[in-house]
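Chemist: Sequences listed follow chains A and B, in order.
Quick note: the first sequence uses the numbering used here, first residue 1, plus one each step.
Quick note: the second sequence uses the numbering used here, first residue 354, plus one each step.
The beta carbon of each residue, even a glycine, is placed where N, CA and C say it ideally should be.
Once you've had a glance at the structure underneath, I'll fire off some questions.
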Amino acid sequence: MIPIPQIALDGQPFTGLRDIIVMILGPVVPGWVIGIVLTLVGLTFLIGFMTVVVMSLVLMERRVIAFMQDRLGPNRVGPEGLFQTVADVVKLLSKEDIIPRNADRPTFLLAVPAAVIPSLLIYAVIEWAPGMSLADLNIGFLYILAISSLTTISVVMAGWGSNNKYALLGAMRAAAQMISYEIPIVMSLVGVAMIVGSLKITDIIGWQIDAVWLILLQPVGFLVFFISSLAELNRTPFDLMEADSEIVAGYHIEYSGMRFALFFLAEYLNAFAAVAIAVTIFFGGWQGPFFPPYVWFVLKCYALFFVLVWLRGTLPRVRVDQLMGLAWKGMVPLALANILITGIGMWVWNEVF
Amino acid sequence: MALLGGFGQGIAIGMKTTLDHFFKPKVTIQYPEEKIPLSPRFRGAPSWVFDNTTGRSRCVGCGLCVQACPKGVIEMRTTNGPGGVRMVDYYAIHITRCLFCALCVEACPFRAIEMSHEFELSQFERTDLVYTREDWLGRESVTGPGSKT
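Here is the structure:
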């Protein structure tokens, strides 16, 4: 007889769901089955929720950009254009699935899951509310960085597999760019890890609740992280690999219909993941008064995503040499200096107090 | 800003500009719901003018508009009524062939025909594209009643 864990319902929605499942299944099945069921339920929720989030992000981006350009943007489908993305997705799904004759078929086809799966994997460690994450790894930080760099592989696969010179050019640019900006991203977060003394997402949020938001202690770290994330995500000042006006659409030029939709999904999943990570690490995660924690988390994420779109509405595209120069001559030294100053600051703090 | 040597100042100015435009009124006109005002001499579909007081057409059936039309759009049939007065029995404009040149309006000595402000002329039936007396009845005149200048 396996002892049934007695868990009280803590009144939190979603985490309450976990307790309900444990309560119902607890007496019936062994513990590992409950674990699998919980993971599957969590995954279903996460994928469903993220799909909706991505559709809202696409609409938000289009409308905010339009507003900044004195236009109205899509506002015809449904109230205020709410169903525009739904219509777009339905249209993309119903389109013919084209594979170029000279494409490298296995590479071409595998690039799509290779793009979507890492983007979804990042969300495993993101904590939406207290206890509301699929896995609270004690190397959560490192896990995020490791997974997010996998995106490069899918880009190179898509570029090579398409057998198209524009796609290959876009992929090559992307590979150079994403690998270069991986370094400042990692280094910008070192300062945070030094201050908090842990790589666990829960610990980082907990530290910020006890003390202050880390943006106040690590403004340079945030700046480097944010700019490098923009480059990593290939968003507008750094969208050289897509560069609509130069190489059409970059690595996914040969993809259409469903496959293109999945690439698009992965792109926005990555964007939201970067924003969620920035909120978790620098803006206190789900912390906030009056509203439930997950509302605060999503609100902060959307606010930061608005800044992304705002930047897109403002800045022109940088040149390739400017891009690389910024990474190696700007971001890396800045991140290194940030680590040094953080170290000195911590030493002084420990000496004085 | 002096501390950073003005670095990033341009970005800040640009960000402010875009944010300003975010809150400004938009230039888009939502066409079927809102329409831009048409100029007084806008040339829409030609239409007959009816006298508002008597409800009668000013047309005397002289046929000058039929002569003036380069495309033969206007179709008119007249009969001689009592006392030798010419009566217009049938007057139609085949709008499909009209090129909106307004030569008929210029030709008319009684201002019985004018260019209206109608420009949404699509119809489901081809017969609906032949405008007759009934189509113009009760319509507001653009130039106003009795303006003979």
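If you measure beta-carbon to beta-carbon, which residues of the region 303 to 328 of chain A are closer than 8 angstroms to chain B?
Modeler: Of all residues in the region 303 to 328 of chain A, the ones placed with a Cβ closer than 8 angstroms to any Cβ belonging to chain B are W310, L311, G313, T314 and L315, in chain order.
Chemist: List the whole-angstrom C-beta distance separating A445(B) from R396(B), where the pair is believed to meet the contact cut-off of C-beta under 8 angstroms.
Modeler: 19 angstroms between Cβ atoms; not a contact.
Chemist: Anyone know if the C-beta pair for M55(A) and Y302(A) falls short of 9 angstroms?
Modeler: no
Chemist: Could you check which residue in C457(B), H470(B), A465(B) and R450(B) has the C-alpha nearest to that of L301(B)?
Modeler: What is shown of chain B runs 354 to 502, which leaves residue 301(B) out entirely.
Chemist: Taking C-beta to C-beta, are L268(A) and S162(A) nearer than 9 angstroms?
Modeler: The displayed chain sequence assigns Tyr, not Leu, to residue 268(A). Going by C-beta atoms, Y268(A) is not nearer than 9 angstroms to S162(A).
Chemist: Quick one, which of A465(B), E386(B) and S392(B) has its alpha-carbon nearest V441(B)'s?
Modeler: A465(B)
Chemist: Starting from P399(B), follow its DSSP beta bridges and name the residues at the other end.
Modeler: Per DSSP, M468(B).
Chemist: Who are the near neighbours of N270(A) in its chain, counting only those whose CB is closer than 6 angstroms to its CB and skipping five residues on each side?
Modeler: Taken in chain order, the residues that qualify are S119 and L233.
Chemist: Taking a Cβ distance cut-off of 7 angstroms, strictly less, list which residues of the region 213 to 242 of chain A are near chain E, in chain order.
Modeler: Checking the listed chains, one finds no chain E in this structure; the protein chains it contains are A and B.
Chemist: For T107(A) and P130(A), what's the separation of their Cα atoms in angstroms?
Modeler: 40 angstroms
Chemist: Restricting to runs no shorter than 3 residues, where is the beta strand (DSSP E) found entirely within the region 407 to 479 of chain B?
Modeler: The qualifying runs are 427 to 433, 439 to 447 and 466 to 468.
Chemist: To be precise: take each residue of the region 54 to 67 of chain A, compare its Cβ to all Cβ atoms of chain B, and keep it if any distance is under 9 angstroms. Which residues remain?
Modeler: V64, A66 and F67
Chemist: Could you tell me the distance, in whole angstroms, from the CA atom of L230(A) to the CA atom of S149(A)?
Modeler: 14 angstroms
Chemist: Which word fits R235(A), buried or exposed, when buried means at least 16 other C-beta atoms lie within 10 angstroms of its C-beta?
Modeler: buried
Chemist: Under a Cβ-count criterion, where at least 16 other Cβ atoms within 10 Å of its own Cβ denotes burial, should A365(B) be classed as buried or exposed?
Modeler: exposed
Chemist: By Cβ distance below 7 angstroms, which residues in the same chain neighbour N433(B) in space, the five residues on each side in sequence not counted?
Modeler: R439
Chemist: Count the other C-beta atoms from every protein chain shown that fall within 10 angstroms of the C-beta of W489(B), then say buried if there are 16 or more, exposed otherwise.
Modeler: buried
Chemist: Do I215(A) and F282(A) come within 9 angstroms of each other at the CB atom, strictly closer than that value?
Modeler: Cβ distance < 9 angstroms, so F282(A) and I215(A) count as in contact.
Chemist: Roughly how many angstroms separate the alpha carbons of H447(B) and V426(B), rounded to a whole number?
Modeler: Each residue's Cα considered, the two are about 5 angstroms apart.
Chemist: On the three-pair Cβ rule with 8 angstroms, is the region 179 to 188 of chain A touching the region 330 to 339 of chain A?
Modeler: yes
Chemist: So R71(A) contacts chain B; which residues on that side make the cut at Cβ distance below 8 angstroms?
Modeler: K379, V380 and T381
Chemist: Please list, in chain order, the chain A residues whose beta carbon lies closer than 7 angstroms to that of G416(B).
Modeler: Under the 7 angstroms cutoff, chain A gives no residues; its nearest Cβ is about 48 angstroms from G416(B).
Chemist: Note down, in chain order, each residue of its chain lying with its Cβ closer than 6 angstroms to the Cβ of F205(A), except the 5 sequence neighbours on either side.
Modeler: Note that residue 205(A) is Ile in the sequence shown, not Phe. So the list reads G285, once near-sequence residues are dropped.
Chemist: Kindly give me the distance between the Cβ atoms of F226(A) and L189(A), rounded to whole angstroms, as I take these residues to be in contact under 8 angstroms.
Modeler: Contact flag wrong, Cβ pair sits at about 12 angstroms.
Chemist: Can you give me the Cβ contacts of D210(A) inside the same chain, cut-off strictly under 6 angstroms, excluding the 5 residues immediately before and after it?
Modeler: For D210(A), same chain residues with a beta-carbon under 6 angstroms away, outside a window of 5 residues either side, do not exist.
Chemist: For F375(B) versus V64(A), is the C-beta spacing smaller than 9 angstroms?
Modeler: Yes, the Cβ-Cβ distance between F375(B) and V64(A) is below 9 angstroms.
Chemist: For a cutoff of 9 angstroms on Cβ pairs, would you count I389(B) as touching chain A?
Modeler: no
Chemist: Whole-angstrom Cβ separation of T371(B) and G73(A), contact assumed at under 8 angstroms?
Modeler: Incorrect: roughly 14 angstroms between the Cβ atoms, too far for contact.
Chemist: Where does V125(A) fall in DSSP's three states?
Modeler: coil
Chemist: How do the region 381 to 394 of chain B and the region 81 to 101 of chain A stand: do at least 3 beta-carbon pairs fall below 8 angstroms, yes or no?
Modeler: no
Chemist: According to DSSP, which residues form a beta bridge with Y484(B)?
Modeler: I446(B)
Chemist: For a contact meaning CB atoms closer than 7 angstroms, what does M368(B) contact in chain A?
Modeler: W310 and T314
Chemist: Decide if F290(A) is buried, meaning its Cβ has at least 16 other Cβ atoms within 10 Å, or exposed.
Modeler: exposed
Chemist: Check for me: the alpha helix (DSSP H) holding W349(A) runs from which residue to which?
Modeler: V332 to V352
Chemist: My parser needs the alpha helix (DSSP H) runs of 4 or more residues fully inside the region 34 to 122 of chain A; what are they?
Modeler: 84 to 93 and 105 to 121
Chemist: What residue from I122(A), L199(A) and M157(A) has the CA that sits closest to A276(A)'s CA?
Modeler: I122(A)
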